[in-house]
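Input: a single structure, listed below in structure tokens.
In the working numbering, the protein residues as written are 5 to 455.
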């Protein structure tokens with residue numbers, strides 16, 4: 005007896021352990037796998053975000069819900085088969101049935117009745133339900149378009165965060181180079197002061213430049229950490245303040261061709277998910293309008309049932325059946341039919357207004373993106389030229405100070421100009437990449453954007 009109880013306890017424990025393991029396995033996210041640590045590309049992070057982020061996954065569930073609703077709507081036009089059985093114990097007053105015979109008792113029963121049968125119904129003509137099915141199919145397309153739009157917007161956010169992280173990395177490298185230069189010039193000022201060529205003011209000026217460079221580097225480190233955490237959050241990566249190894253250049257590729265305004269507009273009208281969404285919602289609104297209009301029309305359905313009926317006292321069962329047709333014509337529904345039709349008509353007008361607004365907004369987005377790409381490319385070229393000139397200015401000022409021709413005032417000024425030129429170049433390159441991203445998003449191709 006005790007052995008049996010022990011075995012039962014073991015079985016219960018094993019079953020509970022199996023259930024807990026199964027629950028833990030189901031609780032694991034489908035994105036527990038991490039990309040390679042040696043280098044993260046933009047496309048890798050975009051694909052991971054679109055696969056793992058909550059927004060796209062919720063949108064996918066909405067698509068699945070819309071599909072199931074479409075199946076449920078279509079089911080109204082398919083055959084319906086059901087089975088049922090009833091067993092009752094009853095008495096009957098024959099007078100209520102119009103039975104008046106001499107000697108007939110005033111109360112018959114009690115007696116038992118049993119009835120079991122299959123029931124079949126089929127809609128033959130229901131134009132309103134057909135329109136409802138078309139609306140449900142359009143709702144599926146609209147849900148899919150919303151999911152595509154969510155993924156496209158998420159790709160834009162990830163790409164923008166990636167560009168900002170690259171810019172923060174380059175900015176930190178520039179500030180570290182500025183700090184190294186400031187320390188080098190500080191050493192030169194001390195050497196010149198020891199040789200009696202420079203004054204104490206020159207030394208203090210160089211030390212001030214070192215302190216300012218350290219402050220700027222600390223700001224750059226904070227900016228890099230913030231931008232990387234933002235990128236990790238969007239990409240569903242573990243949050244870690246340690247530096248990320250990002251693969252990609254902040255500088256735009258040479259010979260990158262920018263489409264003209266007309267070509268970009270054509271591409272946007274063809275590929276922007278917003279247009280697919282509005283097309284689907286317009287089709288749904290038109291189908292709802294047709295459904296509301298067709299609810300005034302008659303509907304026809306066939307009904308049939310077959311089974312057996314008997315009394316439980318004698319069980320003299322008999323097979324019985326019923327075959328018929330049902331015609332229904334709505335005459336007055338309290339104004340509901342007119343209200344539904346008017347609401348559907350307003351919905352169509354609303355979709356037309358939204359389409360006109362979207363077309364204008366897309367045209368503005370595309371034209372602005374095309375212009376900005378060209379302007380930022382020119383800004384990047386100007387920033388390159390300014391950096392070269394600042395480097396030459398610093399070299400000349402340092403030579404003059406080293407040879408005792410002038411103090412280090414020109415050196416510190418040239419050093420500040422060089423730091424500013426480096427920062428401008430990073431900002432210009434980041435702005436150019438953001439302009440390229442905006443153009444890709446404006447034409448509906450943010451998911452395929454690359455550096």
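Glycine included, every Cβ here is placed at the ideal spot set by N, Cα and C.
Keep in mind the model is a prediction, meaning the values are calculated, not measured.
Pairwise C-alpha distance: residue 374 and residue 268: Indexing the chain shown from 1 puts residue 268 at position 264. Indexing the chain shown from 1 puts residue 374 at position 370. Using only the alpha carbons, I get a separation of about 8 Å.
Three CB pairs or more closer than 8 Å across the stretch 409 to 417 and the stretch 200 to 208: yes
Classification of residue 366 by the beta-carbon crowding that lies within 10 angstroms, buried from 16 upward: Here residue 366 corresponds to residue number 362 of the chain shown, with the count starting at 1. Flag for residue 366 reads buried.
Rounded C-alpha distance that separates residue 103 from residue 323: Your numbering for residue 103 matches position 99 in the chain shown. Your numbering for residue 323 matches position 319 in the chain shown. Spanning the two alpha carbons is a distance of roughly 25 Å.
Exposure label - residue 1; buried when at least 16 CB within 10 Å: There is simply no residue 1 to check, as the chain begins at 5 and stops at 455 in what is shown.
Beta bridge counterpart(s) of residue 449 as assigned by DSSP: Here residue 449 corresponds to residue number 445 of the chain shown, with the count starting at 1. None; residue 449 has no bridge partner.
Helix, strand or coil at residue 336 [DSSP, three-state]: Here the question's residue 336 lines up with position 332 in the chain shown. Reduced to three states, the DSSP call for residue 336 is coil.
Status (buried if at least 16 other CB within 10 Å, exposed otherwise) for residue 62: Taking the first residue of the chain shown as 1, we reach residue 62 at position 58. Residue 62 is exposed by the Cβ-count criterion.
Those runs of the beta strand (DSSP E) which lie wholly inside the stretch 80 to 105 and span at least 3 residues: 84 to 96
Terminal residues of the beta strand (DSSP E) in which residue 119 lies: Along the chain shown, one-based indexing puts residue 119 at 115. 112 to 129 is the span of the beta strand (DSSP E), which, as asked, contains residue 119.
Close beta carbons around residue 218, own chain, < 8 Å, minus the five adjacent residues each side: Here residue 218 corresponds to residue number 214 of the chain shown, with the count starting at 1. The beta carbon of residue 218 sits closer than 8 Å to those of 183, all from its chain and outside the five residues before and after it, given in chain order.
Cα-Cα separation, residue 238 to residue 158: The residue given as residue 238 occupies position 234 in the chain shown. The residue given as residue 158 occupies position 154 in the chain shown. Going from the Cα of residue 238 to the Cα of residue 158 covers about 8 Å.
Run of the beta strand (DSSP E) containing residue 308, from where it starts to where it stops: The residue given as residue 308 occupies position 304 in the chain shown. Counting along the chain, the beta strand (DSSP E) containing residue 308 begins and ends at 303 to 315.
Residue(s) in a DSSP beta bridge with residue 225: Start at 1 with the first residue of the chain shown, and residue 225 comes out as number 221. Paired residues: none, contrary to the question.
Residues of its chain near residue 118, where Cβ-Cβ distance is below 6 Å and the 5 sequence neighbours each way are ignored: As a position in the chain shown, residue 118 is number 114, starting the count at 1. Non-local beta-carbon contacts of residue 118 in its own chain, meaning distances under 6 Å to residues more than five positions away in sequence, involve 91, 314 and 316 in chain order.
Residue 105 burial status per 10 Å Cβ neighbour count (16 or more: buried): Along the chain shown, one-based indexing puts residue 105 at 101. Counting the other CB atoms within 10 Å of its CB gives residue 105 a total below 16, which places it among the exposed residues.
Own chain residues within Cβ distance below 7 Å of residue 369, not counting five before or after: For the purposes of this step, residue 369 is taken as residue 365 along the chain shown, with counting starting at 1. In the same chain as residue 369, and ignoring 5 residues on each side of it, the C-beta atoms closer than 7 Å to its own belong to 446, in chain order.
Simplified DSSP assignment, three categories, for residue 238: As a first step, residue 238 is located in the chain shown; it is residue number 234 there, counting from the start. It is helical.
For residue 156 and residue 453, the rounded distance between their alpha carbons: For this step, residue 453 is matched to residue 449 along the chain shown. For this step, residue 156 is matched to residue 152 along the chain shown. Linking residue 453 to residue 156 through their CA atoms gives a straight-line distance of about 11 Å.
Presumed contact (8 Å Cβ cut-off) between residue 334 and residue 300, rounded CB distance: For the purposes of this step, residue 334 is taken as residue 330 along the chain shown, with counting starting at 1. For the purposes of this step, residue 300 is taken as residue 296 along the chain shown, with counting starting at 1. Yes, residue 334 and residue 300 are in contact; Cβ-Cβ is about 6 Å, under 8 Å.
Spatial neighbours of residue 402 in its chain, beta-carbon cut-off 8 Å, leaving aside the 5 residues before and after: Indexing the chain shown from 1 puts residue 402 at position 398. Excluding residues within five positions, the ones whose Cβ falls inside 8 Å are 189, 192, 415 and 418.
Length at least 4, wholly inside the stretch 259 to 306: the alpha helix (DSSP H) runs in chain order: 265 to 275 and 277 to 298
Where residue 448 falls, given that 16 or more other Cβ within 10 Å makes a residue buried: The residue labelled residue 448 in the question sits at position 444 within the chain shown. With 16 or more other Cβ atoms within 10 Å, it is buried.
Option in 256, 345 and 185 with minimal Cα separation from residue 382: Here the question's residue 382 lines up with position 378 in the chain shown. Taking each of 256, 345 and 185 in turn and checking the Cα distance to residue 382, the smallest one comes out for 256.
Own chain partners of residue 220 with C-beta closer than 6 Å, once the 5 adjacent residues on each side are dropped: Residue 220 sits at position 216 when you count from the first residue of the chain shown. The residues are 179.
For residue 326: DSSP bridge partner residues: Here residue 326 refers to the residue found at position 322 when the chain shown is read from its first residue. Answer is 309, bridged to residue 326.
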